[in-house]
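Contents: one structure, followed by commentary.
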Amino acid sequence: SLVVLFGATAGAYGAKLGSDERELILLVWQVVDLHSKKVGTLHKSLVKADNLDLSDQCREVSGLTPEGLGKAEPLDRVLQQFSQLVSSDLKVLGRSSYTLCSDGQLLIRQVLHPETSKKNFLLSDCFYSFYDLRKEFHTCYPSSAAVKDQTIKTMAEYLGLGTDEAEEDFGVWQVKTMVAIIFSMLSEGCNHVFNEPETVKYKYETGPCFFLFFVLLCSSKSETVDSETVIRARGLPWQSSDQDIARFFKGLNIAKGGVALCLNSQGRRNGEALVRFVDSEQRDLALERHKHHMGSRYIEVYKATGEEFLKIAGGTSNEVAQFLSKENQVIIRMRGLPFTATQEDVLGFLGPECPVTGGKEGLLFVKYPDGRPTGDAFVLFSCEEYAQNALKKHKEILGKRYIELFRSTAAEVQQVVLNRYMSTPLIPTLPTPIIPVIPPPYTIATGSIRDCVRLRGLPYTAGIDDILEFMGDATGDIKPHGVHMVLNQQGRPSGDAFIQMKSADKAFMVAQKCHKKMMKDRYVEVFQCSGEEMNFVLMGGTLNRSGLSPPPCKLPCLSPPAYAAFQTAAVIPAEAAALYQPQALLPTTRTPQASAAAPPTVTYYPAQAAQLYMNYTAYYPSPPVSPTTVGYIAAPPGAVAAAATATHTPILPQPGALVRMQGLPYNTGMKEILSFFQGYQYAPDDYNGLIQLSDQARSVLQAPKEWVCL
């Protein structure tokens, strides 16, 4: 038997059903006995949604009102009634089992499964197997339209079924027509057999990506990960596990071990994940969940490539493969272990209430290439109960340190271990900059004059030509080389761009004219801003309603040696350096007397300054359209001026005479710092050696408030 099922939500209808995250408001169904060709009673149930605000399309198509829905039962009660009524109808027809049949995939995969997952109640087993009437129809009638172009109406027209949609209630006509189509497919001329239902996985299968390891070992061109099956999810909470991501995509079939959490160069999760689905159809449905919510956060979903997935999830070693060979295990990551911690120490810390699978074999310590421990370890547990008991020990003490425990994944194990083993970041932060020796013909704007505009929300496929077309007549008011695309850490468009206009008036007119104008299928926000604000964002800071936030750069002494951008300082001839002004140097911290020691024939750029801006890991402008940047980052005006007037730029007048204080309270003053260093000899009595960092310098040094002491 089949149960023909139709439903509608409070939002989009048709091909966009479920794409707007709106709740189910209508279910209509009827039992069909395929052997006797008899039908049961047709049932129609309204569903009370939490949000009764109906879209215009929903009101127009369905004719439903919030008042009528307010008297209906909630979804869990309606589903209970569904099971009871179907069982009753089957009993009347002399049948006991059934399979659902729906018009396409959307109702089951994109509406019912996601909504019930968010509302924390389980669907019955019947919703994990169903027939897609469109696919079955195309199999029965190969000359009909493609599956993606089919609708109930087009299928009925193809068969010449004379049904009038206006004569029936919304939902009733759809189910009656679907039943008529099924009977036509069962007729003597077709004799169609329903034997291969669509399936929805009950749960996400974890496990190591041995197929990916094989691909990497063989380097086979024929063995690749299909790029049509991979997406990138961005904006995830940092504590999200692979199970959380699988729950976000509930209803869609993720490949085994197909969730790879992306890590930054320090081995911490960066809020992104690559997800591999079993086929391109599932991937396309996943893309429709762009900006759906995980808790209170919306998640962005984009296409990705098989190469990217291999890069994140494909690394492994014999040790990792052996560790992950035990399937259906729950993986927990431990962080902050004492470097002297042994396997016995970890097992004792976890205790008898959460036994580790295989004892010592269920532990994997992460080490640097030279064998030194990193303080990280992965642990296997045979069931969810043991894992939950382990997570309760989060931030408990082992030795003299508190230990952090998080859920983890097989892909994260492979990525972390491979990352440490290679002693380089899996995804490098930035490429080594090429210092230009040709004078740049144009300069990036600075200062407080609001002669720039910021474009936010650009399509990720947008290029310079698209922006110029978007600007229209205002294109003639753009300064030469004045379009600056902003890329993210992976070198992909971030959706932001800055444009330098010829005057503040021109920038104002553009912002007024183009704000929320459409580019392709997205509206773009356009704001007027200053050159200083533009530079802050191009350097990695953020510009929002709260004001400017500095970019997240790091001092070289705080970065692990394994992740140094480059090891040697750049030394170039003075005559070549004189062609341009270095843009990534800090102002000198002492009087010019010390500069006399440098030989006049060579200009020296300290490795400290170079590594300082190269450790930058957030947004940076695109080199092809930002020719005036060095190392992809624009310089503060003070730094440029200092570099232009100095023969060379010493950072420390005396080795070891400079210390940096980080983590100071925001109200810290000079008295408190001098008191903190009481008993030590610091700079001259006028305290000129105590320097509070300016906003621009602080933006390079990454700190909310810092002091440098000499």
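FYI, our numbering numbers position 7 of the sequence shown as 16, with every residue one higher than the one before it. Glycine is no exception: its CB is placed at the ideal position from the N, C-alpha and C atoms.
> Is Cys461 helix, strand or coil when you go by DSSP?
Replying inline: Three-state result, Cys461: strand.
> For the alpha helix (DSSP H) that Asn544 lies in, which residues bound it at each end?
Replying inline: In this chain, the alpha helix (DSSP H) harbouring Asn544 covers 540-547.
> Can the beta-carbon of Ala520 be found less than 8 Å from the beta-carbon of Val462?
Replying inline: Cβ distance < 8 Å, so Ala520 and Val462 count as in contact.
> Comparing alpha-carbon positions, which option in Asp251, Val422, Ile473, Glu394 lies nearest Phe332?
Replying inline: In terms of Cα proximity to Phe332, the closest of Asp251, Val422, Ile473, Glu394 is Val422.
>> Can you list, in chain order, the residues of its chain with a C-beta nearer than 7 Å to that of Ala396? Leave out the 5 residues immediately preceding and following it.
In response: So the qualifying residues of the chain are Val339, Ile341, Phe390.
> Under the three-state reduction of DSSP, which class applies to Pro468: helix, strand or coil?
Replying inline: DSSP, reduced to helix, strand and coil, places Pro468 outside both helices and strands of the structure shown, so it counts as coil.
>> Going by DSSP in three states, Trp38 sits in which element: helix, strand or coil?
In response: The answer is strand: DSSP assigns Trp38 an E or B state.
> Do the CB positions of Leu270 and Ala282 come within less than 8 Å of each other?
Replying inline: Leu270 is a Cβ neighbour of Ala282, given a cutoff of 8 Å.
>> Could you give the first and the last residue of the continuous beta strand (DSSP E) run that contains Gly5?
In response: As shown, the chain starts at 10 and ends at 719. That puts residue 5 outside it, with no answer to give.
>> Closest to Tyr411 by C-alpha separation, out of Ala350, Glu394, Cys392, Pro489, would be which residue?
In response: It is Ala350.
>> Judging by CA-CA distance, which residue of Phe358, Thr208, Arg243 is the nearest neighbour of Glu309?
In response: Comparing C-alpha distances from Glu309 to each of Phe358, Thr208, Arg243 shows the shortest one belongs to Arg243.
> Measuring CA to CA, which of Ile406, Lys46, Glu478, Val13 is closest to Met527?
Replying inline: Measuring from the Cα of Met527, the nearest candidate turns out to be Glu478.
> Thinking just about the alpha-carbon of each residue, which of Phe507, Arg292, Cys523, Phe517 is nearest to the one in Gly540?
Replying inline: Minimum Cα distance to Gly540 is reached at Phe507.
>> In chain order, what are the residue ranges of uninterrupted alpha helix (DSSP H) at least 4 long that sit wholly in the stretch 358-437?
In response: Segments of the alpha helix (DSSP H) lying fully in the stretch 358-437: 393-400, 419-431.
> How would you write the range of the beta strand (DSSP E) that Phe257 sits in, first residue to last?
Replying inline: Element bounds for Phe257: not the beta strand (DSSP E) but the alpha helix (DSSP H), 251-257.
>> Using the three-state DSSP reduction, which class does Lys312 fall into: helix, strand or coil?
In response: If DSSP states are grouped into helix, strand and coil, Lys312 belongs with the strands.
> Touching or not, the stretch 99-114 and the stretch 26-44, by the rule of three or more beta carbon pairs under 8 Å?
Replying inline: Flag = yes, the stretch 99-114 and the stretch 26-44 touch.
> When the distance is taken between beta carbons, is Met494 closer than 8 Å to Pro502?
Replying inline: Against a cut-off of 8 Å, the Cβ pair of Met494 and Pro502 comes out as a contact.
> With 16 as the cutoff for other CB atoms within 10 Å, does Glu124 come out buried or exposed?
Replying inline: Classification for Glu124: buried.
> What are the start and end residues of the alpha helix (DSSP H) that includes Asp514?
Replying inline: Unbroken alpha helix (DSSP H) run through Asp514: 513-523.
> So, are the CB atoms of Arg143 and Gly180 less than 8 Å apart?
Replying inline: Contact flag unset, no.
>> Quick test of the definition: if touching needs 3 or more C-beta pairs under 8 Å, does the stretch 20-31 touch the stretch 128-146?
In response: As far as the Cβ criterion goes, the stretch 20-31 does not touch the stretch 128-146, which means the pair count is below three.
>> Between which residues of its own chain and Leu11 is the CB-CB distance below 8 Å, once the five residues before and five after are set aside?
In response: In its chain, beyond the 5 residues on either side, Val40, Val41, Leu43, Tyr107, Thr108, Leu109, Cys110, Tyr140, Ile191, Phe203 have a beta carbon closer than 8 Å to the beta carbon of Leu11.
> How long is the line joining the alpha carbons of Ser334 and Tyr675, rounded to whole angstroms?
Replying inline: When rounded, the distance between both Cα atoms is 51 Å.
>> Once DSSP output is grouped into helix, strand and coil, what is the label at Leu270?
In response: Strand.
> Does the separation of the CB atoms of Pro75 and Leu84 fall below 8 Å?
Replying inline: No. Outside cutoff.
> Under a three-way DSSP split, which group does Pro123 fall into?
Replying inline: Reduced to three states, the DSSP call for Pro123 is helix.
> How long is the line joining the alpha carbons of Gln248 and Leu407, rounded to whole angstroms?
Replying inline: Gln248 and Leu407: Cα-Cα distance of roughly 22 Å.
> In or out: Phe222 buried (at least 16 other Cβ within 10 Å) or exposed?
Replying inline: Caution applies to Phe222, whose pLDDT of 49 falls short of 50 and renders its modelled position unreliable; the model cannot decide the point.
> Whose C-beta lies closer than 8 Å to the C-beta of Val48 among residues of the same chain, with five residues either side of it excluded?
Replying inline: Residues of the same chain with a CB within less than 8 Å of the CB of Val48, apart from the 5 flanking positions on each side, are Gln39, Val40, Val41, Asp42, Val188 in chain order.
>> Is the beta carbon of Ile254 closer than 8 Å to that of Ala313?
In response: Not a contact, by the Cβ cut-off of 8 Å.
> Relative to the C-alpha of Leu720, which residue among Arg277, Ser289, Asn273 is closest?
Replying inline: This structure cannot settle anything about residue 720, because the visible part of the chain is limited to 10 through 719.
> In whole angstroms, what separates the C-alpha of Val426 from that of Val70?
Replying inline: One C-alpha to the other measures close to 55 Å.
> Among Ser236, Gly456, Gln89, Leu63, which residue has its Cα nearest to the Cα of Gly77?
Replying inline: Here the closest residue by C-alpha is Leu63.
> If you draw a straight line from the C-alpha of Ala17 to the C-alpha of Asp29, how long is it?
Replying inline: Looking at the two C-alpha atoms, the distance is approximately 12 Å.
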